[in-house]
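Student: Please read through the structure below; I'll follow up with questions.
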Amino acid sequence: MLIPKANRVAIYEHLFKEGVMTAKKDFNAPKHPELESLPNLQVVKAMQSLKSRGFVTETYNWRHYYWYLTNEGITYLREFLHLPPEIVPTTLRRAVRPETSRPRPKGFEGQGAQGQSGDDRGTYRRSYGGDSMGGKTAGAGREFRPEFRGGFGRGRGRGGAAAAPGPA
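Position one of the sequence shown corresponds to residue 65 (the working numbering), numbered consecutively onward.
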C-alpha cells in the first residue's frame with residue numbers, strides 16, 4: 065500500500081517514542097485513536113510492513129493488534145529518523161524512584177524493618193502478653209495437644225458407621 069512519507073514518518077516517530085503500538089482491527093476506521101490525523105488502515109499496513117522485515121513482533125488479541133519494537137527495529141528507526149544513539153524508546157528507560165517518597169517502617173521496640181535480634185518472634189509474642197491481656201500469654205499454650213481423628217471431610221469413616229473396605 066502506498067503511504068505518504070509524512071504519514072509514515074509520523075507512525076515511525078510514535079512507534080520509536082513509545083516502543084509499542086496498538087491498533088484495532090478495523091480497516092474502515094477514519095482515524096487511529098493515538099494518531100488522530102492518520103487513517104487506521106495506514107497504521108496497520110505500515111506496522112505489517114515492519115513485521116515482515118522483523119523489526120516488530122506482533123500480538124493479536126480480541127480484535128486488537130499489539131506491536132513491540134525489537135532491537136533490530138530500534139536500529140532501523142534510528143537510521144530512518146536520523147536520531148542519535150542516546151535517544152531510546154520509553155519501554156527501555158528505567159523508572160526513576162525518588163528516595164524521599166516514604167519513610168521505612170520500624171519494627172517493635174525500635175528495631176529496624178528487618179529486625180536485628182535473632183529472637184524476633186519471642187519479642188513479638190511477649191510484647192502483647194503481659195499486662196494488656198490480664199497476665200495471659202498469646203497463643204494456645206504448652207499443654208495444648210490437638211487430636212486429628214478421621215471422619216470429617218473426604219476421608220474414611222463418614223458418619224460414625226464403620227466404613228466399607230475399599231478395593232485393594
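Note that the Cβ used here is the ideal one computed from N, Cα and C, for glycine as well.
Assign GLY193 to one of three DSSP states: helix, strand, or coil.
Tutor: Annotation note: pLDDT 49 at GLY193 (below 50); position unreliable, coordinate value reported separately. Looking at GLY193 - three-state DSSP - the assignment turns out to be coil, as it is neither helix nor strand.
Student: Taking the straight line between their C-alpha atoms, what separation do you get for LEU141 and PRO68?
Tutor: So the two alpha carbons sit approximately 17 angstroms from each other.
Student: Go ahead and pull the three-state DSSP assignment for ASN104.
Tutor: Looking at ASN104 - three-state DSSP - the assignment turns out to be helix.
Student: Who are the near neighbours of TYR130 in its chain, counting only those whose CB is closer than 6 angstroms to its CB and skipping five residues on each side?
Tutor: For TYR130, where only same-chain residues beyond five positions count, the Cβ hits under 6 angstroms are THR86, THR123.
Student: Where do the ends of the alpha helix (DSSP H) carrying VAL84 lie?
Tutor: No alpha helix (DSSP H) contains VAL84, which is instead part of the beta strand (DSSP E) from 84-88.
Student: What whole-angstrom Cβ distance do VAL107 and LEU114 have, given they're in contact under 8 angstroms?
Tutor: Incorrect: roughly 11 angstroms between the Cβ atoms, too far for contact.
Student: For the beta strand (DSSP E) holding THR154, just list the boundary residues, first then last.
Tutor: THR154 -> no beta strand (DSSP E), and no H or E assigned at all.
Student: Nearest chain D C-beta to GLN112 closer than 8 angstroms, yes or no?
Tutor: No chain D is part of this structure, which consists of one protein chain only.
Student: Is DSSP giving LEU66 helix, strand or coil here?
Tutor: It is coil, neither helix nor strand.
Student: What distance in whole Å lies between the Cβ atoms of THR154 and LYS81, which are believed to be in contact at a cut-off of 8 angstroms?
Tutor: Indeed, because the Cβ distance is near 7 angstroms, the residues count as touching under 8 angstroms.
Student: Please return the same chain residues whose Cβ sits closer than 8 angstroms to the Cβ of PHE119, not counting the five positions on each side in sequence.
Tutor: Cβ neighbours of PHE119 beyond the five flanking positions: LEU133, THR134, GLU136, GLY137, TYR140, LEU141.
Student: Per DSSP, TYR76 forms a beta bridge with which residues?
Tutor: Bridge partners of TYR76: none, in fact.
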